[in-house]
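The next block holds one structure in the form of C-alpha cells; read it before the comments.
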Amino acid sequence: MAVTHTLITAAQAPHALAQAVAMLQAGDPLAPVTLLAPNAMSGVMARRALGRTGVAGIDAPTIGRLAGELAAGHPMLAGRVAASNPVLEQVLADALREQPGELGNAALHPTSVRAVRAAYRELRIAGPDAARRLVAGIPQAASLAGTINDAHDRLSTAWYDEADALAAATDAVRTGQRTPQPMVVYLVEALDGRAIELVAAIGAATDVHLVITAAATDLADRLASTTMGGDATGAAIASPEPIIISTTDADDECRWAARSVVRLARDGVPLDRIAVVWPTLVPYARLLVHHLEAAGIAWNGRGGTPLHERVAPRVLLDLLDLGRHGVRRRELFAMLAGAPIHSREALAPTTEWERIARLAGVVGPDDWHDRLDPYLDDPRWGTAAASLLEFVGQLENALDDRVRTWSEWTQWARAEVTRLLGADYRSHLAEPEVRADEALDLALQHITDLDQLDAARPVSRARFALALAGEVDDAPTTEGRVGHGVTVCSLHGTLGIDVDAAVVVGAADTTLPPRPTPDPVLDDRRRLAAGLPTSDDHTRQLRRRFDELVERCAVTITAPRGDLRHTAERTPSPWIRPWFGEQARHVASATGGLLTVDFPASPAEHRWRTVLARQRSGTTLDDLGADIDPITRRGAELTSARAAAQLTEFDGDLSAVSLPSLTAHAPPLSPSRLEQWARCPHAYFVRHLLGVSALDEVGGNLHLQPVDRGTALHAALDRFHRAVLAGDLPQPGPTGWGDEHCDALLDAFDAVCADLERRGRVGRPASWADRRDEMRNDLLGWLVTDGALVAARRSHIAGSEVVFDEASIELTGERRLRVHGTIDRIDRATDGAVIVTDHKTGSDRDLRGLDNDDPTLGGRRFQLATYAAAAAQWSQSDAPVRAEYGFFVRNDYRRIGIDFDDPTMMRATDAIAHTVDGIEAGWFPHHPARPGWRLYVDCPYCEPDGLGTGELHRAWLHKRHDERAGRWFAPPDPIVEDTDDR
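Counting from 14, one number per residue, gives the positions in the sequence shown under my numbering.
Put into C-alpha cells, the structure is as follows:
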C-alpha cells in the first residue's frame, strides 16, 4: 500500500479527481472509495461531479467525520461520549477557576473561556509536540498548556474530544480493527498533526492518492508521498479575464451581483454552477440574500441571518434577558414586537397593551399592579389592563429566582417557547425558521449534557442564559441544499468548490483581504512557536482561494467606491489592480446602473427602467399606459405631486373630499384643537381626523418634563381652590391669602407630588429633589402675587377647573360653533365682573401682543376668546368678562389679559370662523418649524424621527403660495412656534 499524489492546478481538479478515483476503483465503477474533502460543501459537489460521469460508491467525509466513523466502538472511547461546546467550556472554566494563569481576573469571562476553547482544539488536534514547542518558545504560555492538559484530564473520565477521536481512529486502523477503503485526498492543503497520523495510517493499510495543488506539497512531503507520473502542472486551462464592476457602495455591489447571476443564467450557465462569494460576513451576506431573493433566485449556503435572530431562539433569549432586572416595560414590548407572541391561545394585543402601559406610567418591574390596577374598571382600558397583568404575572412566575438542573432548564425553555409562540407554532413557520427551531433543540440537547458533568451544582437562570447564548452563537447558519440554486459562501469556503462561474463582491481595501482578527490567547508569535497557522498564513490561503477562482472559472468582481455605513471612500483591492483599468465597468449611480444594465434582475427593476428611460425621452406618466404597474404609477404620482408648486392630495389638499362640518350638528371642539390647526394643519389631520396621537415615552427622562411640571402645578392649585369653594378654607381677605392658605396649598402640592412619583413621571431622584423645591417656591411666590391681585380687585373665587361642553360661539353665515374645555379659575369681582384665568407655567414669549385689537394673536390663539364666551354663558348675566393668562415665576407672575367687549369678541369670532373655514375646506399641509438646532421636537407629526425639518420646510415654502389656499397660508407667516408647557 502506498501514498501517492498528483500535482495539479485548480482548473484541472475535477478531471484529476475522476482519474484518481478510476485508478483506485481499478475498472469497477461501483467499487467503494473514500473522498477526503476539505469541507462538506466541496465533498457534495465532488460526489455529484463524479456521479455525472457514472461513478458511484463514493463517500466524501471531512477529516472529522472520517475519524468519528473509524473510531466508533474503539476501546479508547468506551463509555465516553463526544464533548459538546458547553461541556468543553464548563471543563475549561473549572480549570481556569483553579489556575487562571496569565488571564488573571479575566479568566472566567465568557470571551476568555471561548478563546481558550479555540486554543484547546487547535493545540489538541496539532498533537503534543505543538504544545511543547509553544512552551519552549514562549515560556509564559506554560499556564495555557497546563490549563489545556488539566481540562483534558477532567474531560477524559466521561468525554472525548476531536483529538481523542483522531487518535482512536488512527489506532483502529493501525491495529486492524478497522479496514479503511482506498482514499483520495482531494484539494486538502494542510492537516494538523493527529490528522496527518490518521491519513498516514490509512496509507499504510490501503492506497491513498492525493490530488493537490502546489500549496499542499508540504503535506505530501510529511506523508512521504511519491509523485505519480503525469503531473499536470503544465496543462493550463484557459479562463476568461475577470469582469470588474466598480459600484457606489456595498448595497449596489450586491444588486449587481444579482444582475450578474441573471446574465450568467441567460448565457446558459445553470444556477447550481454559479457561486456568489463574499470576503467578509458583514455587510455582504445579508445584502446578497436580500437581492437574490428580490430577484427570485434560489440559493443555498450561508445567509446573513444568524440563529439568534430567528423566531424561536430570539424569543427564548429575549425572555431570559427580560428576567435579568425584572419585567420592565421597554424590554417586554421589545420582545413582543419581535415575534408572534401568544396570550390565551391567541396573538397578544401588543398595541393595546403598550398604550395602556404607557398611559398608566409603567416603567419598572414594581409598577405593573400599582399603575394598572386603577384601570381595571375602566370601560375603555379595563380588558387590556387585565390581560396585560395576567401575561406579566405569567412571565414573573416563569422568571422566578429558583435554581434548576441543566436538563430542567432545557425542559423549561422548550415549554416557555411553546407557551409564548403557541402549541402548533412550528406549522406556521417558514423553512428557515423551522431549521432554526431544530437548531435550538440541538443547542438545548448539548446543554442537557452538562448534567452528566455538573449535576450536583445548582444552575441559575443567568448561567443557563449564558450557556444558551454561547451555543446559539456557535450554531451553523447554512440554508438550503447544495446543488439547489446559486451557492452563497465565503471566499475562504471556496476550497474545492466546483462551479463554472463566480461573482466575488467586496473587492476593496480592508475587505479583500479582510483585516486579521486578533486572537487574545494565541497571537501570531505563539502560533509561530507552536507551528500553527498565523494570520499571514490565513491571508495567503485567502489569496490562493481568490486566484483559484479566477483560474478555474469565469469570474465577475465588484468593488465599492464608498462605504455609506461609515461615510468613507474605498480604494480597490490590490488583488484586482491588474484588471482595474479602462476595461472596468464604472457604475455612476444606482439609477445609472439600472439604465445601462443589459438585463435587470427583477420585475421591479424592469418596471423602473422602463419608467426612467421613457421619462428621459420625454414620455409623460400618463403616456406610459399599461407599461407601468399601479404601485409604480402611484409612487411616481406622489413624487411628481410633491415636486409641484401646488398643494396636492399627497401633501395636504383634501379639498375634493367631503369632510364633516364643524358647525352643523357637530360635537363640540376645544380651543386647543383649533389652535393645533393654526400651528400645523397636518398635525390636526393626523391627530383629529385619523385619530393617531404621538406616544409619550414614560420613564426615559432624567428630569421632570415641562408638561408634567405644568400639570402638577395646575393640579395643586385646583385642590387648593376647591378647598376654598367647599368652605374648608376662607376666601381671600382684604390682604389676600394668609398663613392658613399657605399651609393648605403646600399640602395640596405634596399630594400631587406623591401621585407624580407613583406614576413614574418625576425623572431621576437627584433631579426631582431640586425640581420639587423649585415648584414649591414657585407656588409660594404665586400665592403672594395672586393674593395681592385679588385683594386689589376685591374679587373672590367662583370656580376652579370649570368644565364647559355646551357653550357656543356665533360665527358668520349664521353658523354656531359648539366648544368645550376647562377653565382653570373663574373669579367674581364685587361689581359682578367675571375674571377668567388660564394658568401658564411656560414662557410668555409667544403670547406677547395679545390685546383688544388682536385678541387671537393673528388667528393663532383662541383660548381666551373661547373661555370668555363660555364664562359669559356660565355666569348667566351680561356682566363684563375679562380673560387672562396668569404666569409663574419664570415671567414674574405677569398677567396678559383682554377685556372682551362686543367689538373685541367680534374680532375674535371672525378669526375663529377663518380657521373653521380652512378646516372645512380640507387644507392640511405640513407646516414645520423653521430648521435649526433645538433640544426638543417641535411637532412630532412633522418630525417623527427627530432628525430635523429642513426638507419639509423647503416644501412648505414652495407650496404655501397656492392661490386656492392663499387666504390661510400666504406670507406673512401666520404660524409661530409654540413652547407652552401645557
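Glycine included, each C-beta is placed from N, C-alpha and C at the ideal position.
Practice task
From the DSSP output, read off the bridge partner residues of ALA614.
Solution key: DSSP output for ALA614 lists no bridge partner at all.
Practice task
Report the residue from LEU830, ASP844 and LEU824 whose alpha carbon sits nearest the alpha carbon of HIS809.
Solution key: ASP844
Problem - Alpha-carbon spacing of SER55 relative to LEU49, whole angstroms - result: 10 Å
Problem - For ARG907, the first and last residue of its enclosing beta strand (DSSP E) - result: Segment: none, ARG907 is in no beta strand (DSSP E) and carries neither H nor E.
Practice task
Quick one: which unbroken alpha helix (DSSP H) runs of 4-plus residues sit fully inside the stretch 571-612? Chain order, please.
Solution key: 603-609
Practice task
Can you have a look at VAL416 and say buried or exposed, based on whether 16 or more other CB atoms are within 10 angstroms of its CB?
Solution key: exposed
Exercise for the section: Mind checking which residues open and close the alpha helix (DSSP H) that includes CYS955? Expected result: No alpha helix (DSSP H) contains CYS955, which DSSP labels as neither H nor E.
Exercise for the section: Report the rounded CA-to-CA distance for GLY150 versus ALA132, giving the unit in angstroms. Expected result: 16 Å
Practice task
Starting from PHE900, trace the beta strand (DSSP E) both ways and give me its first and last residue.
Solution key: 894-900
Practice task
Would you list the residues sitting across from ASP864 in a DSSP beta bridge?
Solution key: ASP867
Practice task
Taking only the alpha-carbon atoms, compute the straight-line gap between GLY40 and THR571 and give it to the nearest angstrom.
Solution key: 45 Å
Practice task
Run through the stretch 711-795 for me and flag every whole alpha helix (DSSP H) of 4 or more residues, listed as ranges in chain order.
Solution key: 719-738 and 752-771
Problem - Reference LEU796, options VAL816, LEU830 and HIS734, closest by Cα - result: HIS734
Problem - Three-state class that DSSP yields for PRO527 in the structure shown - result: strand
Handout entry: Backbone CA spacing between ASP467 and CYS766 [nearest angstrom]
Key = 52 Å
Handout entry: CB-CB length for LEU555 against PRO526, believed under 8 Å
Key = 5 Å
Practice task
Look at the Cβ atom of LEU335, then the Cβ atom of GLU344, and state whether they are nearer than 7 Å.
Solution key: yes
Problem - Through-space distance from ALA649 to PHE901, alpha-carbon basis - result: 52 Å
Practice task
Check whether the stretch 221-241 touches the stretch 572-582, counting contact only when three or more Cβ pairs, one atom from each stretch, lie closer than 8 Å.
Solution key: no
Problem - Span of the alpha helix (DSSP H) around ARG272 - result: 263-279
Handout entry: Rounded distance between the beta-carbons of PRO613 and ARG272, thought under 8 Å
Key = 7 Å
Handout entry: Cα-Cα separation, THR825 to GLY872
Key = 15 Å
Exercise for the section: Could you tell me which residues DSSP pairs with TYR199 in its beta bridges? Expected result: VAL224
Exercise for the section: Hey, could you find the ends of the beta strand (DSSP E) ASN313 is sitting in? Expected result: 312-315
Problem - Reduced DSSP secondary structure (H/G/I, E/B, other) of GLY834 - result: strand
Practice task
With a 10 Å radius around its C-beta and 16 neighbouring C-beta atoms as the bar for buried, classify ILE138 as buried or exposed.
Solution key: buried
Handout entry: For GLU823, the first and last residue of its enclosing beta strand (DSSP E)
Key = 808-824
Problem - Opening and closing residue of the beta strand (DSSP E) in which LEU48 lies - result: 46-49
Exercise for the section: Rounded to whole angstroms, what's the CA-CA distance from MET918 to ILE839? Just pull it up for me. Expected result: 19 Å
Exercise for the section: May I ask which residues mark the beginning and end of the alpha helix (DSSP H) holding ASP851? Expected result: Where ASP851 is concerned, there is no enclosing alpha helix (DSSP H), although the beta strand (DSSP E) it sits in stretches over 847-853.
Handout entry: Exposure of GLU175, with buried meaning 16 or more beta-carbon neighbours within 10 Å
Key = buried
Exercise for the section: In the DSSP assignment, find the unbroken alpha helix (DSSP H) run with VAL501 in it and report its ends. Expected result: Run containing VAL501: none in the alpha helix (DSSP H); it sits in the beta strand (DSSP E), 499-503.
Problem - Beta-carbon gap between LEU30 and VAL201 smaller than 7 Å - result: no
Exercise for the section: Look at the Cβ atom of SER615, then the Cβ atom of ALA308, and state whether they are nearer than 7 Å. Expected result: yes
Exercise for the section: Ignoring anything shorter than 4 residues or poking outside the stretch 668-706, list the alpha helix (DSSP H) runs there in chain order. Expected result: 684-692 and 694-697
Problem - Where LEU13 falls: helix, strand or coil (DSSP) - result: The structure shown does not extend to residue 13, since the chain is modelled only from 14 to 995, so the question has no answer here.
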